[in-house]
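Peer 1: Quick note on this note's numbering: the sequence shown kicks off at 135 and runs consecutively.
Ideal Cβ positions, reconstructed from N, Cα and C, are used throughout, including at glycine.
My structure is below; once you've seen it, I'll send some questions.
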Amino acid sequence: MNNWLELNYVQTFQQLPNSLYSPVTPQALSNPKLVAASPACAALFGLDEASLNDDVTLKILSGQSLLSNWQPIAMKYTGHQFGYYNPDLGDGRGVLLSQVAFNHKTWDLHLKGAGLTPYSRQGDGRAVLRSSIREFLCSEALAALNVPTTRALCVVDTDTPVYREQAETGATVLRVSQSHIRFGHFEFCSFTQQTNLLKTLCDHVIAHHFNELLNKDSHNIYVDFFQAVLTRTAHLMAHWQSIGFAHGVMNTDNMSIIGDTFDFGPFAFLDDYDPSFICNHSDHQGRYAFNQQPNIANWNLAVLAQALLPLADKESLVNILEDYPSIFEQSYFEKMTQKLGLTGDAKTHQSIIENTLSMMKTCRLDFSYFFRQLANIHQPETHKHLRDLCLDITAFDNWFTAYKAALKQNQQALNSEHDDARKTRMNQVNPKYILRNYLAQNAITAAQNGDYSEVQKLFTILQKPFDEQTEFNHYANLPPEWGKTLEISCSS
């Protein structure tokens, strides 16, 4: 492992035409303090864990200093926001400091909250502590849940005032990812009719992130590229839906071209199961409601397909788009089958999966809590506990009869020698600990008062979401009623 000065820095994005970015120098923040850091993220690009606590880190991540071999830039892109094209987008409060080559991979180091860029519009280019903590915790929590996601190295708090609805302190989070290229980058090239630039960008992304396509015998590599992006995106949506994750702002400029969860704003993990749950209080029409996420991803992919039309024939792109529902459903039903402790062909379990979700909605059962408890439903006390939580006892009883029948048909049975094996399998996919909004808010409130210990503790717990961690049982309890009604906005 290396310190900051010893890492192997490269500048691959800067090899692209400069119409895709602008050189930027981060603006310094005062009196930086480390809130929390992720050793697992540091290991991805070869940074020594010990370096996370030194002054070099604080100076770099507060914009006070730059390494001489960095060429920081802000990216230019466009995108559809809430269904409408916006040509005036780009990295408004983030700077790609550099990239690191390590273990045959290249990692972007992207500092959020670094100050004004040419794309800041009317903003100040800053991030506040609350949003930075939320992104840090969620990035690393999703990674621990095995969900494709950008990562976060650490959060730095400062004394620099930032003004939103009220005065807050400016903060930064260092986002780490193999790519920060979005659907919106391709829209920028296409909508401005820069076909050569579009081709150059596509070739760059294929070479760096889809190089398996280079060896494929194909009539059009850009068609294959779109197929690969669509497949990764469909699998990502299946991950989100299976863990009850609501993103909140699925604009095309927030869609990663490599299929990562990207840009954390008003996200939430479901509490009481409500498929139409809206986590963004600015989303008045429910465009990005939880149950709309797979369809919105499909819509966004159609926008990407339109952007690729100068390079690929329409019929091929349309045919690929038509495959999206089946790719998503196959992946989703596989994950839900595992959550229910069933085995075999996922499609054969579609009925009990849909029955389970319908019952959970009727009974207003907590999404993550119910599935975690389900592993122990063969125990009378757990069965009674879940039943007592239900608003509709009859619906629960009918579901339980159907669930036992599904297990029996799957050559399993409750109260049998297979229970331990089923429980082990279920507890490997149903987390005990998730980043509930109220837990994040408790940590944020403490941090705003200068106490970072709750952020650090919550981060530690969320690194092992499937483990029992009995000393932290209370973090797995059902949320208080006030915790279910927190309003989260896009504001940073």
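Suppose you measure from the CA of residue 255 to the CA of residue 415; what does that come to, to the nearest Å?
Peer 2: As a first step, residue 255 is located in the sequence shown; it is residue number 121 there, counting from the start. As a first step, residue 415 is located in the sequence shown; it is residue number 281 there, counting from the start. Residue 255 and residue 415: Cα-Cα distance of roughly 23 Å.
Peer 1: Terminal residues of the continuous beta strand (DSSP E) containing residue 167?
Peer 2: Residue numbering aside, residue 167 sits at position 33 when the sequence shown is read from its first letter. 167 to 171 is the extent of the beta strand (DSSP E) around residue 167.
Peer 1: Where DSSP assigns a beta bridge to residue 580, which residues make up the other side?
Peer 2: Reading the sequence shown from its first residue, position 446 is the one you call residue 580. DSSP lists no partner for residue 580.
Peer 1: Could I get the ranges of all uninterrupted beta strand (DSSP E) runs contained in the region 220 to 254, with 3 residues as the minimum, in chain order?
Peer 2: Counting only runs of 3 or more, we get 228 to 236 and 239 to 246.
Peer 1: Would you tell me roughly how many angstroms separate the C-alpha atoms of residue 317 and residue 163, rounded to the nearest one?
Peer 2: On the sequence shown, position 183 is the one that residue 317 refers to. On the sequence shown, position 29 is the one that residue 163 refers to. Cα to Cα, residue 317 sits roughly 31 Å from residue 163.
Peer 1: Who are residue 214's beta bridge partners in DSSP?
Peer 2: Position 80 of the sequence shown holds residue 214. Answer is 219.
Peer 1: Answer yes or no: do residue 299 and residue 398 have a C-beta to C-beta separation smaller than 8 Å?
Peer 2: The count along the sequence shown starts at 1 and reaches residue 299 at position 165. The count along the sequence shown starts at 1 and reaches residue 398 at position 264. In this structure, residue 398 does not lie closer than 8 Å to residue 299 by Cβ.
Peer 1: Are the CB atoms of residue 228 and residue 201 nearer to each other than 8 Å?
Peer 2: In the sequence shown, the residue the question calls residue 228 occupies position 94. In the sequence shown, the residue the question calls residue 201 occupies position 67. Not closer than 8 Å, so no.
Peer 1: Rounded to whole angstroms, what's the CA-CA distance from residue 595 to residue 606? Just pull it up for me.
Peer 2: Mapped onto the sequence shown, residue 595 falls at position 461. Mapped onto the sequence shown, residue 606 falls at position 472. Going from the Cα of residue 595 to the Cα of residue 606 covers about 8 Å.
Peer 1: Could you check the C-alpha separation between residue 462 and residue 295 for me, to the nearest Å?
Peer 2: Mapped onto the sequence shown, residue 462 falls at position 328. Mapped onto the sequence shown, residue 295 falls at position 161. Their Cα atoms are separated by approximately 44 Å.
Peer 1: Examine the Cβ distances between the region 597 to 613 and the region 558 to 570 and report whether three or more of them are shorter than 8 Å.
Peer 2: With the cut-off at 8 Å, the region 597 to 613 and the region 558 to 570 touch.
Peer 1: Keeping to the same chain, check which residues put their C-beta closer than 6 Å to that of residue 252; ignore five residues upstream and five downstream.
Peer 2: Within the sequence shown, the letter at position 118 stands for residue 252. If we look at residue 252 and ignore the five residues flanking it on each side, its Cβ neighbours are 156.
Peer 1: Kindly indicate which residue of 395, 181 and 258 has the alpha-carbon position closest to the one of residue 275.
Peer 2: For the purposes of this step, residue 275 is taken as the residue at position 141 of the sequence shown. Considering only alpha carbons, the answer is 395.
Peer 1: Express the C-alpha separation of residue 313 and residue 348 in angstroms, rounding to a whole number.
Peer 2: Numbered from its first residue, the sequence shown carries residue 348 at position 214. Numbered from its first residue, the sequence shown carries residue 313 at position 179. Cα to Cα, the separation comes out at about 19 Å.
Peer 1: For residue 327, collect the residues of the same chain with a Cβ closer than 8 Å to its Cβ; drop the 5 residues on either side in sequence, then sort them by chain order.
Peer 2: The residue given as residue 327 occupies position 193 in the sequence shown. Excluding sequence neighbours, residue 327 sits near nothing in its chain.
Peer 1: Do you know offhand how far residue 467's Cα is from residue 574's?
Peer 2: As a first step, residue 467 must be located in the sequence shown, where it is residue number 333. As a first step, residue 574 must be located in the sequence shown, where it is residue number 440. Taking the straight line from one Cα to the other gives about 30 Å.
Peer 1: Could you check if residue 460 is buried or exposed, using at least 16 other CB atoms within 10 Å of its CB as the buried criterion?
Peer 2: Translated into positions along the sequence shown, residue 460 becomes position 326. By the neighbour-count rule (16 or more Cβ atoms within 10 Å), residue 460 is not buried but exposed.
Peer 1: Go through the region 472 to 511 residue by residue and report every complete run of the beta strand (DSSP E) that reaches 3 residues or more, in order.
Peer 2: None, since the region 472 to 511 contains no complete beta strand (DSSP E) of that length.
Peer 1: Do you know offhand how far residue 223's Cα is from residue 211's?
Peer 2: Along the sequence shown, one-based indexing puts residue 223 at 89. Along the sequence shown, one-based indexing puts residue 211 at 77. Answer to the nearest angstrom: the Cα atoms are 6 Å apart.
Peer 1: What separation, rounded to the nearest whole angstrom, lies between the Cα atoms of residue 307 and residue 476?
Peer 2: Indexing the sequence shown from 1 puts residue 307 at position 173. Indexing the sequence shown from 1 puts residue 476 at position 342. Taking the straight line from one Cα to the other gives about 40 Å.
Peer 1: Alpha carbon to alpha carbon, what distance is there between residue 337 and residue 151?
Peer 2: Taking the sequence shown and counting its residues from 1, the one referred to as residue 151 is at position 17. Taking the sequence shown and counting its residues from 1, the one referred to as residue 337 is at position 203. In a straight line, the C-alpha of residue 151 is about 13 Å away from that of residue 337.
Peer 1: With DSSP as the reference, label residue 174 as helix, strand or coil.
Peer 2: Sequence index remark: in the sequence shown, residue 174 carries index 40 (1-based). Helix at residue 174.
Peer 1: So the candidates are 508, 181, 231 and 524; which of them puts its Cα closest to the Cα of residue 196?
Peer 2: Sequence index remark: in the sequence shown, residue 196 carries index 62 (1-based). The residue with the shortest Cα to Cα distance from residue 196 is 231.
Peer 1: Between residue 367 and residue 474, how many whole angstroms is the CB-CB distance? I'm expecting something under 8 Å.
Peer 2: Taking the first residue of the sequence shown as position 1, residue 367 is located at position 233. Taking the first residue of the sequence shown as position 1, residue 474 is located at position 340. Not really, about 25 Å apart at Cβ, beyond 8 Å.
Peer 1: Is the beta carbon of residue 159 within less than 7 Å of some heavy atom of the ligand COA?
Peer 2: Among the components modelled here there is no ligand, and therefore nothing to report on the ligand COA.
Peer 1: Please state the DSSP three-state secondary structure of residue 635.
Peer 2: Shown here, the chain extends from 135 to 626; a query on residue 635 therefore has no answer.
Peer 1: Hey, how far is the Cα of residue 439 from the Cα of residue 189?
Peer 2: Against the sequence shown, residue 439 aligns to sequence position 305. Against the sequence shown, residue 189 aligns to sequence position 55. Between residue 439 and residue 189, the C-alpha separation is close to 46 Å.
Peer 1: In angstroms, rounded to a whole number, what distance separates the CA positions of residue 493 and residue 600?
Peer 2: Against the sequence shown, residue 493 aligns to sequence position 359. Against the sequence shown, residue 600 aligns to sequence position 466. Going by the C-alpha atoms only, they are around 24 Å apart.
Peer 1: Among 374, 417, 375 and 250, which one has its Cα closest to the Cα of residue 383?
Peer 2: Numbered from its first residue, the sequence shown carries residue 383 at position 249. Nearest C-alpha to residue 383: 417.
Peer 1: Report the option in 603, 580 and 506 whose CA atom is closest to the CA atom of residue 85.
Peer 2: Lying outside 135 to 626, the shown extent of the chain, residue 85 is not represented and no answer is given.
Peer 1: Quick one: residues in its chain with C-beta nearer than 6 Å to the C-beta of residue 198, no 5 flanking neighbours on either side, listed in chain order?
Peer 2: Looking up residue 198 in the sequence shown gives position 64. Contacts found: 162.
Peer 1: Give the C-beta separation of residue 413 and residue 402 to the nearest angstrom, bearing in mind that I take them to be a contact with Cβ-Cβ under 8 Å.
Peer 2: As a position in the sequence shown, residue 413 is number 279, starting the count at 1. As a position in the sequence shown, residue 402 is number 268, starting the count at 1. With 8 Å as the limit, residue 413 and residue 402 qualify as a contact, their Cβ atoms being about 4 Å apart.
Peer 1: Going straight from the alpha carbon of residue 329 to that of residue 520, what length do you get?
Peer 2: Residue mapping note: residue 329 aligns to position 195 of the sequence shown, counting from 1. Residue mapping note: residue 520 aligns to position 386 of the sequence shown, counting from 1. Answer to the nearest angstrom: the Cα atoms are 58 Å apart.
Peer 1: Using the beta-carbon count (16 or more within 10 Å), is residue 614 buried or exposed?
Peer 2: Position 480 of the sequence shown, counting from 1, holds the residue named residue 614. By the neighbour-count rule (16 or more Cβ atoms within 10 Å), residue 614 is not buried but exposed.
Peer 1: What residues match up with residue 296 in a beta bridge as DSSP calls it?
Peer 2: Residue mapping note: residue 296 aligns to position 162 of the sequence shown, counting from 1. In the DSSP output, where bridge partners are listed per residue, residue 296 has 302.
Peer 1: In angstroms, rounded to a whole number, what distance separates the CA positions of residue 591 and residue 598?
Peer 2: For the purposes of this step, residue 591 is taken as residue 457 along the sequence shown, with counting starting at 1. For the purposes of this step, residue 598 is taken as residue 464 along the sequence shown, with counting starting at 1. Computed Cα separation, rounded: 12 Å.
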